[in-house]
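Student: Questions regarding the structure given below will be posed in turn.
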Amino acid sequence: MPSIATPERQTDTDVSLDQPWNVIIHNDPVNLMSYVTFVIRKVFGYDEKKAKVHMMQVHKQGRSLVWSGARERAEHYVRELQAHQLLSTMEKVD
Amino acid sequence: MRLSLQKKSGTWSLSEVDKLHLELLRQAAEDANTTEFPQGRERLLPPPLQEMDAIQEAEFLEDWKEFVADEIETQFTSDVGTLLADLEDVESYTTDESGETTLYQLTLPTEHGERWFSALNQARILLDLKYKFHDENDEFVADLPPEGNESLDLEERLAAYLRYDFFCNIQEWLVRNVLSFGA
Numbered sequence: 000m001p002s003i004a005t006p007e008r009q010t011d012t013d014v015s016l017d018q019p020w021n022v023i024i025h026n027d028p029v030n031l032m033s034y035v036t037f038v039i040r041k042v043f044g045y046d047e048k049k050a051k052v053h054m055m056q057v058h059k060q061g062r063s064l065v066w067s068g069a070r071e072r073a074e075h076y077v078r079e080l081q082a083h084q085l086l087s088t089m090e091k092v093d
Numbered sequence: 000m001r002l003s004l005q006k007k008s009g010t011w012s013l014s015e016v017d018k019l020h021l022e023l024l025r026q027a028a029e030d031a032n033t034t035e036f037p038q039g040r041e042r043l044l045p046p047p048l049q050e051m052d053a054i055q056e057a058e059f060l061e062d063w064k065e066f067v068a069d070e071i072e073t074q075f076t077s078d079v080g081t082l083l084a085d086l087e088d089v090e091s092y093t094t095d096e097s098g099e100t101t102l103y104q105l106t107l108p109t110e111h112g113e114r115w116f117s118a119l120n121q122a123r124i125l126l127d128l129k130y131k132f133h134d135e136n137d138e139f140v141a142d143l144p145p146e147g148n149e150s151l152d153l154e155e156r157l158a159a160y161l162r163y164d165f166f167c168n169i170q171e172w173l174v175r176n177v178l179s180f181g182a
C-alpha cells in the first residue's frame with residue numbers, strides 16, 4: 000500500500016480565494032441616469048430606492064460600490080454590467 | 000420633425016418617421032463601428048480590473064479579453080445588426096390625399112427594445128469620445144478650443160451632436176416604456 004504524502008497547506012492561496020471582491024460602477028457622461036438605475040435593478044435585483052442611491056453615488060461621487068463577495072460572482076456581475084455598457088470594475092477588498 | 004413612439008402589448012412602434020429620421024437611425028450603425036477607432040473599442044470593452052490589481056492578474060485579464068470581451072463584442076455587433084435589419088422592414092404611408100408626404104412606420108417586438116437601446120448607446124458612447132462632447136470632469140463642451148482639435152470639423156461635430164441627442168430621446172423613452180427586467 001503506497002504511502003500517501005500529506006499535502007502542504009497553502010494558506011496564502013486559501014486566503015486569496017476567500018478574500019472578498021468589490022464590484023464598482025464608475026461614472027461616465029453618456030449613460031442615462033434612468034438606465035443606470037434600471038441596470039442596477041436588473042443585474043443585482045435591488046429595489047428602486049436602493050438602485051437610485053447607487054446611481055446617485057455614481058453620478059455625484061464618480062463611483063459606487065454596488066456589491067461585495069466571492070470573486071466568481073464579482074466576475075459575473077462585472078460581465079453583466081459591461082454587457083450593458085456601464086463602466087465597471089472589480090477590486091480586492093483591503 | 001416629429002416621431003411618435005408607442006408601446007402596445009408585446010410590441011412597440013415608431014410612426015411619423017420621416018426620411019431624415021430614417022437616415023439618422025441608419026447612421027447609428029456607422030457611429031457604433033469601432034473598426035478604425037481603437038479608443039472607442041477600449042471604452043466599450045474595458046478591462047475588469049483597475050491598474051493596481053491588474054499587475055497581479057495578467058493571466059486573468061488575457062482570459063477576460065479572449066473569452067468575455069469577445070462574447071460581449073459579438074453581442075454588441077448583433078444588437079446593431081438587429082437595428083439595421085429592423086429598419087429594412089419599415090413600411091411607408093402617405094399622410095394626405097395627394098400622396099405627396101411619405102412617412103414611415105415600424106412595429107417591433109418588445110425584445111428588440113433592449114437591442115435598439117444597446118445599438119444607440121454604443122453609437123452615443125463613441126460619438127461622445129470621437130467628438131469630445133464632454134471634458135475630463137464630464138461637463139458638456141459646447142465650443143471646442145481650436146488648439147489640439149484641428150482634425151475635428153465643427154459642422155460634422157454639430158451634426159454628430161444632433162444624432163447623439165436624437166438617439167438619447169429614443170433611449171429615454173425605451174428605458175421608461177419598453178426595457179424589462181426579464182429581458
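Residue numbers (numbering that gives the first Met the number 0), protein chains in the order written: chain A, 0 to 93; chain B, 0 to 182.
Beta carbons: idealized from backbone N, C-alpha and C, even for Gly.
It should be emphasised that the depicted structure is a prediction, and the values quoted were computed from it without experimental measurement.
For Tyr34 of chain A and chain B, any beta-carbon pair shorter than 8 angstroms?
Tutor: If you number the first sequence from 1, residue 34 of chain A lands on position 35. Yes, Tyr34 of chain A lies at the interface with chain B (some Cβ there is under 8 angstroms from its Cβ).
Student: For the region 158-175 of chain B, enumerate the residues whose C-beta is nearer than 8 angstroms to any C-beta of chain A, in chain order.
Tutor: Cys167, Gln170, Glu171, Val174 and Arg175
Student: Going along chain B, which residues have a C-beta under 9 angstroms from Arg62 of chain A?
Tutor: Locating residue 62 of chain A in the first sequence gives position 63, where the first residue counts as 1. The contacting residues do not exist; Arg62 of chain A stays about 10 angstroms from chain B at best.
Student: Unbroken beta strand (DSSP E) runs of length 3 or more, entirely within the region 4-43 of chain B: which are they?
Tutor: 10-16
Student: Exposed or buried, which one is Asp78 of chain B when buried takes at least 16 other CB atoms within 10 Å?
Tutor: On the second sequence, residue 78 of chain B is found 79 positions in, with the first residue counted as 1. Buried: at least 16 other Cβ atoms inside 10 Å.
Student: Could you round the C-beta distance between Glu47 of chain A and Asp52 of chain B to whole angstroms and report it? I think they count as a contact, below 8 angstroms.
Tutor: Numbered from its first residue, the first sequence carries residue 47 of chain A at position 48. Numbered from its first residue, the second sequence carries residue 52 of chain B at position 53. 32 angstroms between Cβ atoms; not a contact.
Student: Just to make sure I have the definition right: I need the residues of chain A whose C-beta is within less than 9 angstroms of the C-beta of Phe36 of chain B. Which are they?
Tutor: Your numbering for residue 36 of chain B matches position 37 in the second sequence. In chain order: nothing, as chain A lies at least about 15 angstroms away.
Student: Residues in its own chain within less than 8 angstroms of Thr81 of chain B by CB, not counting five upstream and five downstream?
Tutor: Residue 81 of chain B sits at position 82 when you count from the first residue of the second sequence. So the qualifying residues of the chain are His111, Arg114, Trp115 and Ala118.
Student: Based on Cα-Cα distance, which residue from B:Thr10, B:Pro108 and B:Leu19 lies nearest to Thr101 of chain B?
Tutor: Taking the first residue of the second sequence as position 1, residue 101 of chain B is located at position 102. Per the Cα distances, B:Leu19.
Student: With distances taken between CB atoms, is the gap from Ala82 of chain A to Ile71 of chain B smaller than 8 angstroms?
Tutor: For this step, residue 82 of chain A is matched to residue 83 along the first sequence. For this step, residue 71 of chain B is matched to residue 72 along the second sequence. Closer than 8 angstroms, so yes.
Student: Using the three-state DSSP reduction, which class does Thr76 of chain B fall into: helix, strand or coil?
Tutor: Translated into the one-based positions of the second sequence, residue 76 of chain B becomes position 77. Here Thr76 of chain B sits in helix by DSSP.
Student: Counting only the same chain and skipping the five closest in sequence on each side, list residues whose C-beta sits under 6 angstroms from that of Asp13 of chain A.
Tutor: For the purposes of this step, residue 13 of chain A is taken as the residue at position 14 of the first sequence. Per-residue confidence for Asp13 of chain A stands at a pLDDT of 47, beneath the threshold of 50, marking its modelled position as unreliable; the derived number appears in the next sentence. Within the same chain, Asp13 of chain A has no close Cβ partners at all.
Student: Do Leu157 of chain B and Asp30 of chain B have their beta-carbon atoms positioned less than 8 angstroms apart in this structure?
Tutor: Position 31 of the second sequence, counting from 1, holds the residue named residue 30 of chain B. Position 158 of the second sequence, counting from 1, holds the residue named residue 157 of chain B. It is not a contact, given that the beta carbons lie outside the stated cut-off.
Student: Are Trp20 of chain A and Val92 of chain A close, meaning C-beta to C-beta below 8 angstroms?
Tutor: Reading the first sequence from its first residue, position 21 is the one you call residue 20 of chain A. Reading the first sequence from its first residue, position 93 is the one you call residue 92 of chain A. It is a contact, given that the beta carbons lie within the stated cut-off.
Student: Measure the Cβ-Cβ separation of Val29 of chain A and Val57 of chain A and say whether it is below 8 angstroms.
Tutor: Along the first sequence, one-based indexing puts residue 29 of chain A at 30. Along the first sequence, one-based indexing puts residue 57 of chain A at 58. By the CB criterion at 8 angstroms, Val29 of chain A and Val57 of chain A fall outside the cutoff.
Student: Among the candidates B:Thr106, B:Asn148, B:Asp152 and B:Gln170, whose CA atom is the shortest distance from the CA of Lys6 of chain B?
Tutor: Position 7 of the second sequence, counted from the first residue, corresponds to residue 6 of chain B. Lys6 of chain B has its Cα closest to that of B:Thr106, out of B:Thr106, B:Asn148, B:Asp152 and B:Gln170.
Student: Give the interface partners of Val67 of chain B over in chain A, defined as CB-CB distance under 7 angstroms, in chain order.
Tutor: For the purposes of this step, residue 67 of chain B is taken as the residue at position 68 of the second sequence. Chain-ordered, the chain A residues with CB closer than 7 angstroms to the CB of Val67 of chain B read Arg78.
Student: I want to verify the contact list: residues of chain B whose CB lies under 8 angstroms from the CB of Ala82 of chain A, in sequence order.
Tutor: Position 83 of the first sequence, counted from the first residue, corresponds to residue 82 of chain A. Simply Ile71 and Gln74.
Student: Using the beta-carbon count (16 or more within 10 Å), is Asp164 of chain B buried or exposed?
Tutor: Locating residue 164 of chain B in the second sequence gives position 165, where the first residue counts as 1. Flag for Asp164 of chain B reads exposed.
Student: For Ile24 of chain A, count neighbouring Cβ atoms within 10 angstroms of its own Cβ and tell me buried if that reaches 16, exposed if not.
Tutor: In the first sequence, counting from the first residue as 1, residue 24 of chain A sits at position 25. Ile24 of chain A should be labelled buried.
Student: At a CB distance below 8 angstroms, what residues from the region 36-56 of chain A approach chain B? Give them in sequence order.
Tutor: The region 36-56 of chain A vs chain B, Cβ under 8 angstroms: Phe37, Arg40 and Lys41.
Student: Does chain A have any CB closer than 8 angstroms to the CB of Gln104 of chain B?
Tutor: As a position in the second sequence, residue 104 of chain B is number 105, starting the count at 1. No, because no Cβ of chain A sits closer than 8 angstroms to the Cβ of Gln104 of chain B.
Student: Starting from the beta carbon of Leu48 of chain B, find every residue of chain A whose beta carbon is closer than 8 angstroms, and list them in chain order.
Tutor: On the second sequence, residue 48 of chain B is found 49 positions in, with the first residue counted as 1. Going along chain A in sequence order, the residues near Leu48 of chain B (Cβ under 8 angstroms) are Thr88, Met89 and Glu90.
Student: Give the secondary structure of Val29 of chain A by DSSP, where H, G and I count as helix, E and B as strand, and everything else as coil.
Tutor: Your numbering for residue 29 of chain A matches position 30 in the first sequence. Coil, per DSSP.
Student: Counting only beta-carbon atoms, is Val65 of chain A nearer than 8 angstroms to chain B?
Tutor: Here residue 65 of chain A refers to the residue found at position 66 when the first sequence is read from its first residue. No, Val65 of chain A lies away from the interface with chain B (no Cβ there is under 8 angstroms from its Cβ).
Student: Consult DSSP for Val67 of chain B and reduce its assignment to one of helix, strand or coil.
Tutor: Numbered from 1 along the second sequence, position 68 holds the residue referred to as residue 67 of chain B. In the structure shown, Val67 of chain B sits in a helix (DSSP, three-state: H, G or I).
Student: Along chain B, which residues have their Cβ under 9 angstroms away from the Cβ of Asn26 of chain A?
Tutor: For the purposes of this step, residue 26 of chain A is identified with residue 27 of the first sequence, where counting begins at 1. Per Cβ cutoff of 9 angstroms: Asp137.
Student: Do you know how far the Cα of Ala84 of chain B is from the Cα of Arg42 of chain B?
Tutor: Counting from one through the second sequence, the residue named residue 42 of chain B turns up at place 43. Counting from one through the second sequence, the residue named residue 84 of chain B turns up at place 85. Answer to the nearest angstrom: the Cα atoms are 25 angstroms apart.
Student: Going along the chain, which residues of the region 102-127 of chain B sit with their C-beta nearer than 8 angstroms to a C-beta in chain A?
Tutor: Phe116, Ser117, Asn120, Gln121, Arg123, Ile124 and Asp127
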